[in-house]
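Residue numbers (the numbering used here), protein chains in the order written: chain A, 2 to 114; chain B, 827 to 945.
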């Protein structure tokens with residue numbers, strides 16, 4: 002079945018460091034891929050998405066490119082801020098009768114001032 | 827901006843009590859979901875609904891039940907709460923996906939969650 006595997010955390014970085022959170026997926030066909038973010042005490046919110054191969058999703062300085070050849074959707078940011086401290090979830094959705102989103106296990110990111 | 831609301835945000839209750847967690851959305855979305863989020867952050871789908879009078883069990887077995895009498899409302903009920911039910915519960919909704927061949931934009935919108943503690 003479909004699945005998402007993401008980098009285990011927690012990840013701790015200093016402010017202005019470069020961030021990469023790895024995400025790989027297993028799915029038949031052409032799923033849509035997402036990154037969601039969960040700030041402390043809140044629900045999840047969509048950070049960015051990509052719907053086809055080679056698409057690049059971007060938002061708030063974060064980027065991720067849909068790589069079908071490596072079945073990956075790694076999240077990157079060039080210079081992180083303390084306010085980026087949160088839990089990040091990679092997810093996929095594939096059109097089917099079930100139509101459920103499959104989430105990865107989440108990666109907790111902490112940024113030191 | 828998503829309009830999906832969960833109440834209460836926090837609930838502390840004794841063992842054996844009946845509780846209902848409320849979830850409402852004003853976006854007219856057909857599909858709604860309940861997730862249980864454990865302390866390790868992982869999300870577990872426990873219930874979902876495709877529309878009015880439709881409810882399905884999710885991937886994780888749960889003693890809770892749900893109902894969908896109105897499009898906008900998807901409450902979750904525990905008939906007899908136990909300490910093992912202590913968790914964060916997240917509600918989400920999404921519109922019906924487009925037909926095959928259209929753009930796939932199945933974005934889920936989440937409520938802020940209910941943190942339940944059963945003593």
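Backbone N, C-alpha and C define an ideal beta-carbon position, used for all residues, glycine too.
A quick note: this is a predicted structure, and the numbers were derived from the prediction, not measured.
Please report the residue range of the beta strand (DSSP E) in which residue i lies.
i               : result
residue 83(A)   : Residue 83(A) -> no beta strand (DSSP E), and no H or E assigned at all.
residue 857(B)  : 857 to 863
residue 64(A)   : 63 to 66
residue 1003(B) : There is simply no residue 1003(B) to check, as chain B begins at 827 and stops at 945 in what is shown.
residue 35(A)   : 33 to 39
residue 15(A)   : 12 to 15
residue 848(B)  : 845 to 851
residue 121(A)  : As displayed, chain A neither begins before 2 nor continues past 114, which places residue 121(A) out of reach and without an answer.
residue 830(B)  : 830 to 833
residue 6(A)    : 4 to 7
Does DSSP put residue i in a helix, in a strand, or in coil?
i              : result
residue 899(B) : strand
residue 887(B) : coil
residue 906(B) : coil
residue 873(B) : strand
residue 928(B) : Low per-residue confidence applies at residue 928(B): pLDDT is 46, beneath 50, and the placement is therefore not dependable enough to give any value.
residue 27(A)  : strand
What's the C-alpha gap between residue i and residue j?
i              : j              : result
residue 49(A)  : residue 845(B) : 35 Å
residue 81(A)  : residue 19(A)  : 7 Å
residue 112(A) : residue 9(A)   : 16 Å
residue 108(A) : residue 40(A)  : 12 Å
residue 5(A)   : residue 104(A) : 6 Å
residue 7(A)   : residue 847(B) : 30 Å
residue 939(B) : residue 870(B) : 14 Å
residue 898(B) : residue 860(B) : 14 Å
residue 918(B) : residue 932(B) : 12 Å
residue 45(A)  : residue 54(A)  : 25 Å
residue 893(B) : residue 3(A)   : 28 Å
residue 76(A)  : residue 865(B) : 23 Å
residue 929(B) : residue 51(A)  : Reliability fails at residue 929(B), whose pLDDT of 48 lies under 50, so the model's placement of it is uncertain and the value that follows must be treated cautiously. Distance between the alpha carbons of residue 929(B) and residue 51(A): 11 Å.
residue 901(B) : residue 875(B) : 11 Å
residue 927(B) : residue 32(A)  : Because residue 927(B) sits at a pLDDT of 48, beneath the cut-off of 50, its placement in the model cannot be relied upon, and the point is left open.
Check whether the region 833 to 849 of chain B and the region 897 to 907 of chain B touch, using three or more Cβ-Cβ pairs below 8 Å as the test. A contact exists between the region 833 to 849 of chain B and the region 897 to 907 of chain B.
Which residues of the region 29 to 52 of chain A have a Cβ closer than 9 Å to any Cβ of chain B? Give them in chain order. Within the region 29 to 52 of chain A, the residues whose Cβ lies closer than 9 Å to some Cβ of chain B are 31, 32, 33, 35, 37, 39, 42, 43, 44, 45, 46, 47, 50, 52, listed in chain order.
Does the region 872 to 889 of chain B touch the region 829 to 837 of chain B, meaning 3 or more C-beta pairs lie closer than 8 Å? Contact fails: fewer than three Cβ-Cβ distances are below 8 Å.
At least three beta-carbon pairs within less than 8 Å, the region 84 to 95 of chain A to the region 20 to 29 of chain A: Flag = yes, the region 84 to 95 of chain A and the region 20 to 29 of chain A touch.
Could you list the residues in the region 100 to 113 of chain A with a C-beta less than 8 Å from some C-beta on chain B, going in chain order? Listed by position along the chain: 100, 101, 102, 104, 106, 107, 109.
Members of the region 857 to 870 of chain B that neighbour chain A once the beta carbon cut-off is set at 7 Å: Listed in sequence order: 867, 868, 869.
Taking Cβ-Cβ distances below 8 Å as the criterion, which residues of the region 79 to 91 of chain A are in contact with chain B? Answer set for the region 79 to 91 of chain A: 88, 90.
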